[in-house]
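Here this note's numbering runs 1 ahead of the position in the sequence shown, where the first position is 1.
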Amino acid sequence: MVKPEKLIENGIRLDGRKPDEIRPIKIKVGVLNRADGSCYFEFGGNKVIAAVYGPREVHPRHQQKSTSAVVRYRYNMASFSVEERKRPGPDRRSIEVSKVSREALEPVIFQEYFPRSAIDIFVEVLQADAGTRTAGINAASIALADAGIPMKSLVSACAVGKVDDTLVLDLNKDEDNYGQADMPIAMTPDGKITLLQMDGHLTRDEFREGLEMAKKGCLEIAQLQRTALMEKYSSLMEGEVNE
Ligand code: CDP
């Protein structure tokens with residue numbers, strides 16, 4: 002797509018959102034029978050699935066840690082998930098996204114409960130529309146909880162950025178492509194930041210204001226994550242009562 006003349010007009014973005022609005026979110030918990038925990042997560046045009054396996058044996062063995070679990074995270078983009086077919090398999094970008102996403106989740110996992118074991122997280126991007134790493138982290142956090150992995154809290158993620166000199170929450174593809182800055186952030190509900198990256202440039206004041214916007218977005222997402230988990234488990238419990 003060619004660069005639109007304006008990305009924001011009269012305070013409204015091209016997709017109809019206000020600057021501080023996140024895209025619509027759809028969550029389904031427990032979508033994969035063979036995973037210990039799983040989640041389907043839609044974040045605007047992003048569609049991702051997260052699967053969690055473990056705690057389980059570590060292979061290869063030399064990766065195991067004697068005092069805690071190893072957390073492994075594989076982010077993968079399907080070749081059909083983007084406009085221009087992506088060559089299958091890992092590349093520099095997916096290795097980087099896997100690393101920062103793992104680091105975004107590790108601080109909330111009680112890894113010391115499971116020495117010599119592995120907690121494996123797989124994130125498959127089925128459709129990408131800017132913000133896939135944040136969608137992946139949101140999905141993975143739910144899938145970890147669904148797998149019963151002990152956690153201090155959930156982790157929620159969304160990006161904040163700048164387009165046409167205006168700070169905007171949760172950038173879409175055009176805003177990501179033609180904007181001035183993109184800053185993906187992940188945090189716990191009490192505001193502990195576990196991921197912060199930045200592409201482009203923000204002033205110190207913009208950074209501060211952006212952080213506040215991201216905090217608000219993450220809290221909204223945390224609420225939806227909680228509700229989705231509660232829905233699955235309260236309906237399971239109701240089933241048990243009715244049996
Ligand atoms: O997806 P995320 O915003 O976390 O990461 P990015 O590296 O900033 O990529 C932004 C967007 O570019 C992705 O969400 C995809 O829509 C797109 N992209 C693509 O079209 N082809 C690729 N090989 C990689 C990314």
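Note that beta-carbon positions come from the ideal geometry of N, C-alpha and C, so glycine has one too.
For the 9 Å CB-CB criterion, Ile143 and Gly38 form a contact. Membership of Asn77 in the beta strand (DSSP E) is indicated by the continuous run Val71 to Met78.
For Asn34, the Cβ stays outside the 8 Å cut-off from all heavy atoms of the ligand CDP. One residue list follows from the rule of a beta carbon closer than 7 Å to any heavy atom of the ligand CDP, given in chain order as Asn47, Met78, Val83, Glu84, Glu85, Lys87, Arg94, Val98, Ala129, Asp130, Ala131, Gly132, Thr133, Arg134, Thr135, Ala160, Lys174, Asp177, Asp183, Pro185 and Asp200. Contact annotation, Glu58 with Thr195: C-beta distance approximately 27 Å; criterion of less than 8 Å not satisfied. If you draw a 10 Å sphere on the C-beta of Pro25, you find fewer than 16 other C-beta atoms in it, and that means exposed. The Cβ atoms of Val161 and Ala187 lie no closer than 9 Å to each other. Remark: fewer than three beta-carbon pairs, one from each stretch, lie closer than 8 Å, so the segment 166-179 and the segment 63-76 are not flagged as touching.
The Cβ atoms of Ile122 and Ala51 sit closer than 9 Å to each other. In terms of Cβ geometry, Ala140 and Gly55 do not form a close pair [threshold 9 Å]. In the three-state DSSP reduction, Val109 falls in the helix class (H, G or I).
Under the DSSP assignment, Leu196 falls in the beta strand (DSSP E) whose first and last residues are Ile194 to Leu197. For Gly137, the enclosing alpha helix (DSSP H) covers residues Thr133 to Asp147.
Counting only the Cα atoms, Glu6 lies some 42 Å from Pro108. Of all alpha-carbon atoms in Arg227, Ala182, Ala79 and Thr68, the one lying nearest the alpha-carbon of Ala119 is that of Thr68. Assignment of Arg88 by DSSP, reduced to helix, strand and coil, places it in the coil class.
Counting only unbroken stretches of 4 or more residues, the alpha helix (DSSP H) elements lying wholly within the segment 159-223 are 174-179, in sequence order. Of the candidates Arg86, Asp206 and Ala223, the residue whose Cα lies closest to the Cα of Asp191 is Ala223. In this structure Lys163 touches Glu207 by the C-beta definition: roughly 7 Å separates them, less than 8 Å.
Straight across, the Cα-Cα distance linking Ile9 with Arg117 is about 51 Å.
As far as DSSP is concerned, Met238 takes part in no beta bridge. Around the Cβ of Lys48, a 10 Å sphere holds 16 or more other Cβ atoms; the residue is buried. Cα atoms of Lys193 and Val83: separation of roughly 32 Å, rounded to the nearest angstrom.
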